[in-house]
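Notes for the one structure printed next.
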Amino acid sequence: MGWLRRAKPRDREIVDAALARVGMSEFRHRQIGELSGGQKKRVFLARAIAQQGQVILLDEPFTGVDVQTEARIISLLRELRDEGCTMLVSTHNLGSVSEFCDYTVMVKGTVLASGPTETTFTAENLERAFSGVLRHVALTGAEAQIITDDERPFISRRAAGGPR
Numbered sequence: 052m053g054w055l056r057r058a059k060p061r062d063r064e065i066v067d068a069a070l071a072r073v074g075m076s077e078f079r080h081r082q083i084g085e086l087s088g089g090q091k092k093r094v095f096l097a098r099a100i101a102q103q104g105q106v107i108l109l110d111e112p113f114t115g116v117d118v119q120t121e122a123r124i125i126s127l128l129r130e131l132r133d134e135g136c137t138m139l140v141s142t143h144n145l146g147s148v149s150e151f152c153d154y155t156v157m158v159k160g161t162v163l164a165s166g167p168t169e170t171t172f173t174a175e176n177l178e179r180a181f182s183g184v185l186r187h188v189a190l191t192g193a194e195a196q197i198i199t200d201d202e203r204p205f206i207s208r209r210a211a212g213g214p215r
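Taking my numbering, I'd label the letters of the sequence shown as residues 52 to 215.
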């Protein structure tokens, strides 16, 4: 909405619906500076939803949010994806990528790997992207491996003794 355009009742309905969708209706009349980091993230996501675009750009949407807020954002991102919205997300939060991303592009100065998340988001590609600075914990006898950069771990299921 431009500077000279006044909000119409339909605009207010769209904004109210977007705020409700991110659980921020009760903060509708607060100034942005009064909100916590996680609340601001949700308001910015509501703004993107209210704009009704087909593509949403998100830069580190989980930074500065608690686990509960992160789960709400991931759930909402899944809903938006299922509704046909395309999201481009920049994140270092490894554990959430496989929860809502269909396609992954790993970048480190250049594109290292890209493709469907289940075939691209691998331990090998993560180690390349993070220069091997990841902690790799293999669970003996279990069919999982944990890769972490100390933020949120990525857990990969694999056969015991299988390739990394």
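Each residue gets a CB set at the ideal place from its N, CA and C atoms; glycine is no exception.
Original post:
Where M75 and R132 are concerned, what is the direct C-alpha to C-alpha distance, given to the nearest angstrom?
Top reply: 21 Å
Subject >> Contacts around R215, its chain only, beta-carbon distance under 6 Å, and the 5 residues preceding and following it disregarded >> reply: Summary for R215: the model assigns pLDDT 49, below 50, so the residue's position carries little reliability; its value from the coordinates is reported in the next sentence. So the list reads A174, once near-sequence residues are dropped.
**OP:** Have a look at F113, G104, M157, T120 and flag the residue whose alpha-carbon is nearest the alpha-carbon of T137.
**Re:** G104
Original post:
Can you tell me the Cα-Cα spacing of T161 and R56, whole angstroms?
Top reply: 42 Å
Original post:
Cα separation between S141 and D110?
Top reply: 5 Å
**OP:** Would you kindly check if the distance between the Cβ of R93 and the Cβ of T120 is under 9 Å?
**Re:** yes
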